[in-house]
Amino acid sequence: MDDPTSCSLHHSDYNRVVMAHGGGGRLMQQLIETLIGPLFRNPHQELCHDSAIVPLGQERLAFTTDSFVVKPLFFNGGDIGKIAVLGTVNDLAMAGAQPLYLSVGLILEEGLPLQDLERILMSMARTAKAAGVHLVTGDTKVVEHGSGDGLYINTSGIGSLRAGIPPIHPKAIAVGDAVLISGDIGRHGLAILAAREHLSLESDIQSDLRDLSRMVRALLDAGIPIHCLRDLTRGGLASALIEIAETAGVQVVIEDTEIPINPEVEEALELLGFDPLFVANEGCFALFLAAKEAPRALEILKLHPEGVDARLIGSVTGLKPQGQVLARTAFGTERMLTRLSGEQLPRIC
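If you're matching positions, the sequence shown starts at 2 in the working numbering and goes up one per residue.
This is the structure in structure tokens:
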């Protein structure tokens with residue numbers, strides 16, 4: 002058996018951590034797959050999904066953790082407390098789990114106004130209640146002024162999996178599968194950028210931060226056989242599809258003209274030099290399932306306020322051992338999407 006502590010530390014061209022190591026792109030993949038993952042290798046480890054599936058007696062549980070360093074702490078459509086709850090709730094939902102319990106760890110910076118802390122904690126409490134989850138345990142630490150940017154939050158979550166539901170995982174994807182998206186893209190990244198840089202936008206662009214578990218639950222209640230789910234957070238739609246295609250060993254083709262995006266969001270992002278396909282979201286997911294199930298799944302998604310902009314955006318066109326994602330333009334040409342090596346917009350969650 003391989004010694005998990007014997008992995009090479011020469012995992013990239015960098016000998017120090019850089020911001021791009023947390024950006025959801027190529028450097029983050031290298032860090033996880035060549036340094037972090039091998040050191041903690043075990044039968045339950047899941048590197049290509051946001052939740053691990055662990056056995057507990059005859060039951061199966063989904064278990065996930067996430068840390069939140071969003072800057073600024075408050076933005077149009079949310080705050081670090083709301084995103085800390087919903088980020089973990091949504092990660093559990095992407096495994097097909099019913100979110101149940103969360104832990105919360107607070108790292109407070111000396112000098113943080115208690116009024117801001119109270120506002121954030123009240124937001125967490127409201128969000129957890131609305132999502133039907135309980136914050137059951139936690140921890141609080143304080144660091145010196147200048148060491149913590151006000152507040153960092155970690156949440157871990159446990160969710161229950163239904164009996165008889167096949168694993169929702171990239172390995173379940175098949176050639177011919179349809180690719181759906183549950184909502185419009187780009188709003189969260191733009192909302193964070195506007196708040197951070199004090200940008201004056203022509204319209205009131207809010208983050209798409211929202212609970213995705215209700216839509217997933219509705220799909221499962223209707224008996225929709227889901228192959229794969231992924232929320233489109235760091236790295237956006239493109240990075241999520243690339244990671245899925247690589248894990249599944251398939252080629253995915255998406256249609257640029259079918260991807261829902263607010264025209265004002267698209268214009269603002271392009272003016273600022275950002276590719277909307279790689280901009281983070283906090284309220285939409287990609288869904289892979291058999292093509293024959295796509296119309297019924299879309300109908301269910303559109304019944305929810307969070308899913309009114311759901312679309313069929315592409316399909317799995319063939320096997321590709323290394324994975325490949327192509328975006329077809331309005332003119333019929335195709336461009337290959339590749340992982341970002343740097344980071345477009347750091348600290349968006």
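Backbone N, C-alpha and C fix where the C-beta goes; we use that ideal spot for every residue, glycine too.
Check                                                                                                                                                                    : Outcome
My output table needs one value for E60: the three-state DSSP class, helix, strand or coil.                                                                              : strand
With E283 and T234 assumed to form a contact (beta carbons below 8 Å), what rounded beta-carbon distance in angstroms separates them?                                    : 6 Å
If you compare alpha carbons, which of C350, Q345 and I349 is closest to R27?                                                                                            : Q345
CB G187 to CB E294, shorter than 8 Å?                                                                                                                                    : no
Can you give me the C-alpha to C-alpha distance between R336 and G147, rounded to a whole angstrom?                                                                      : 44 Å
For the stretch 83-98 against the stretch 115-130, are there 3 or more C-beta pairs whose distance is under 8 Å?                                                         : yes
What did DSSP end up calling G139 once you bin it into helix, strand or coil?                                                                                            : strand
Apart from the five residues on each side of it in sequence, which residues of its chain come closer than 7 Å, Cβ to Cβ, to L216?                                        : Checking the displayed sequence, the identity of residue 216 turns out to be Met instead of Leu. Same-chain partners within the cutoff: S183, L302, H305, E307 and G308.
Specify the secondary structure class of V266 as computed by DSSP and reduced to three states.                                                                           : helix
Confirm, please, whether the CB-CB distance from L242 to A287 is below 8 Å.                                                                                              : yes
Give me the Cβ distance between A196 and P73, rounded to the nearest whole Å; I'm assuming they're in contact under 8 Å.                                                 : 5 Å
Applying the criterion that 16 or more other CB atoms from any shown protein chain within 10 Å of the CB defines a buried residue, is Y153 buried or exposed?            : buried
If you drop the 5 nearest sequence neighbours on each side, which residues of the same chain put their C-beta closer than 7 Å to that of E110?                           : V144, H146, S148, G149, D150, G151 and L152
Can you give me the C-alpha to C-alpha distance between R297 and D117, rounded to a whole angstrom?                                                                      : 44 Å
Going by DSSP in three states, H22 sits in which element: helix, strand or coil?                                                                                         : helix
One question on the structure: do A21 and G177 come within less than 8 Å of each other, judged by their Cβ atoms?                                                        : no
Exposed or buried, A192, counting other C-beta atoms within 10 Å across all chains shown (16 or more means buried)?                                                      : buried
Could you tell me the alpha carbon to alpha carbon distance between D14 and T35, rounded to whole angstroms?                                                             : 13 Å
Measuring only the C-alpha atoms, how far is A223 from L113?                                                                                                             : 46 Å
Can you give me the Cβ contacts of T66 inside the same chain, cut-off strictly under 8 Å, excluding the 5 residues immediately before and after it?                      : T89, N155, T156, S157 and G158
Below 8 Å between beta carbons: does that hold for V253 and V134?                                                                                                        : no
So does G333 have its beta carbon nearer than 7 Å to some heavy atom of the ligand MG?                                                                                   : The ligand MG is absent from the structure shown, which contains no ligand whatsoever.
Decide if A331 is buried, meaning its Cβ has at least 16 other Cβ atoms within 10 Å, or exposed.                                                                         : exposed
Just reading off the alpha helix (DSSP H) that N91 is part of, what are its end residues?                                                                                : I81 to A94
Per the DSSP calculation, D229 is bridged to which residue(s)?                                                                                                           : One detail in the question is off: residue 229 reads as Cys in this sequence, not Asp. BP columns for C229 point to F289.
Excluding the 5 residues preceding and the 5 following L338 in the sequence, name in chain order all residues of the same chain whose CB lies nearer than 8 Å to its CB. : A239, L242, I243, L278, V326, L327 and A328
Can you grab the Cα-Cα spacing for the pair L200 / N77, in whole Å?                                                                                                      : 12 Å
Please classify D257: does DSSP put it in a helix, a strand, or coil?                                                                                                    : helix
Comparing alpha-carbon positions, which option in M123, S204, R120 and G160 lies nearest A269?                                                                           : S204
Give the secondary structure of P5 by DSSP, where H, G and I count as helix, E and B as strand, and everything else as coil.                                             : Low local confidence applies: a pLDDT of 49 at P5 is under 50, so the model's placement there is unreliable, and no value is given.
Quick check: the Cα distance between R348 and I255, rounded to an integer number of angstroms?                                                                           : 27 Å
Use the C-beta contact count for F64: other C-beta atoms within 10 angstroms, 16 or more gives buried, fewer gives exposed.                                              : buried
Roughly how many whole angstroms lie between the Cα atoms of L202 and L272?                                                                                              : 12 Å
Ends of the alpha helix (DSSP H) at P306?                                                                                                                                : Per DSSP, P306 belongs to no alpha helix (DSSP H) and is neither H nor E.
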